Amino acid sequence: MKIILIPKPHKKPISLNLETLVIVGLLSIFLVAFIAYQITIISVKKAEYLNVPLDSETPLNDVLFSASRNENHLDAYIIQISELHTRLINLDRQTERIQDVMKRQLVGGKKLPSLIKKDRLKAQGGPFINDDLSERDISQAIAKLMEKVETREVLYNEMEAMMLKQSVLKNTLPSLYPVAVPYRSSSYGWRHDPILGIRAFHSGLDFSAATGEPIKATASGIVVASGYAPDYGKFVKIKHGDGLETRYAHASKLLVSQGDIVTKEQVIGLVGSTGRSTGPHLHYEIRLHGRSLDPRQYIKK
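The opening residue of the sequence shown carries number 12 in the working numbering; numbering runs sequentially from there.
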């Protein structure tokens with residue numbers, strides 16, 4: 012079966028065979044297995060590096076410096092591979108969501124083969140080949156995996172957005188900017204955390220705006236939460252049906268309460284810097300069944 016997704020007029024249609032999606036799903040299994048293997052190899056190498064023999068002709072400080080440097084390199088690789096593993100797990104979940112939409116909308120509810128064959132992972136065996144990979148080999152493998160993952164993330168986000176746009180009512184699709192000033196100070200995805208300074212996943216968009224700037228509901232729905240949380244500060248959560256919801260955080264003032272029915276473009280609060288924040292801005296999220304979506308795919312340009 013072939014699926015043709017038609018994006019905006021100036022972009023080419025995306026044509027996908029169901030078999031292609033199955034292959035992509037199976038590829039993710041291979042990548043996860045490869046990452047697990049790489050982590051094992053890196054752990055072994057780390058142990059070897061940390062047990063550097065003390066040569067009488069080699070100054071102790073040089074040995075310790077070399078071991079410390081190698082440990083730092085390997086720790087960095089482990090962090091990168093762990094990040095890739097997390098991103099692949101998220102992509103596998105996204106694959107299942109896309110398949111669910113296909114099953115309900117494109118093939119009349121017929122059962123499709125799972126894109127992620129979890130039962131096939133139970134049987135294991137075969138010889139163990141311990142290739143002695145160099146640091147350069149590991150670095151290149153990580154770079155190639157990162158490129159594949161990023162390509163899949165872009166494609167999957169576009170596919171899921173187009174399918175979702177076709178499945179919900181116009182007024183309940185979060186397609187507006189939540190603030191009048193559409194300047195994004197931080198985008199969706201992996202970034203350096205502004206407070207901790209380490210790489211972390213950012214589940215929404217940050218819009219820099221002055222304190223007191225109106226925050227608007229991007230779609231009609233029901234307010235299911237309006238209050239305070241340590242990370243979000245003063246926040247509002249609105250449900251729009253079929254598992255779709257939006258979240259608005261760090262407000263200085265909330266203008267709606269739990270249980271209120273809101274309409275698209277209704278002012279629900281004022282921009283602030285409450286909670287885990289470095290300055291006045293709005294943190295905005297779109298979620299489907301609890302999982303974050305990239306808001307950039309839904310906001311009308």
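Think of the CB as a built atom: it goes at the ideal place given N, C-alpha and C, for glycine as much as any other residue.
Being a predicted model, the structure only gives us computed values, none of them experimental.
Judging by CA-CA distance, which residue of the options is the nearest neighbour of residue i?
i	options	result
E256	T285, Q91 and V234	V234
G301	V282, G283, G254 and P205	G254
S197	P185, L207, G238 and H213	H213
A154	Q91, R104 and A220	Q91
T183	G232, R104 and G200	G232
D242	E161, S284 and T229	S284
S303	W201, T162, D148 and M157	W201
S237	V247, A230 and R210	V247
S219	G208, Y188 and E161	Y188
L281	G290, K245 and K275	K245
Y167	Y194, R195, R104 and R210	R104
E276	A172, A152 and S186	S186
Please report how far the alpha carbon of residue i lies from the alpha carbon of residue j, in whole angstroms.
i	j	result
A262	R287	11 Å
D217	R298	15 Å
L278	L95	Here residue 278 is Val; the residue named in the question, Leu, does not match the sequence. Approximately 39 Å between the Cα atoms of the pair.
L266	K159	44 Å
S93	T222	38 Å
E107	I100	11 Å
I272	K250	10 Å
A240	T97	25 Å
V192	I310	13 Å
R307	S150	31 Å
S268	M157	43 Å
G119	G208	For G119, the pLDDT reaches just 45, beneath the cut-off of 50, and the residue's location in the model is therefore unreliable, although a value from the coordinates is still provided. Between G119 and G208, the C-alpha separation is close to 48 Å.
R147	E296	39 Å
T229	A87	40 Å
S203	R195	Note on identity: in this sequence residue 203 is His, with Ser being the wrong assignment. Rounded to the nearest angstrom, the two C-alpha atoms are 15 Å apart.
L132	A172	Reliability of the predicted coordinates at L132 is poor, the pLDDT of 40 falling under 50, and the value obtained from them is presented with this limitation in mind. Going from the Cα of L132 to the Cα of A172 covers about 30 Å.
For residue i and residue j, which I take to be in contact (beta-carbon distance under 8 Å), what is that distance rounded to the nearest angstrom?
i	j	result
H292	G215	Rounded, the Cβ-Cβ distance is 11 Å, inconsistent with contact.
E169	L102	E169 to L102, Cβ: 13 Å. No contact.
V190	E224	6 Å
I226	Y259	5 Å
Completely contained alpha helix (DSSP H) runs for the segment 219-279, where each covers 4 or more residues: none
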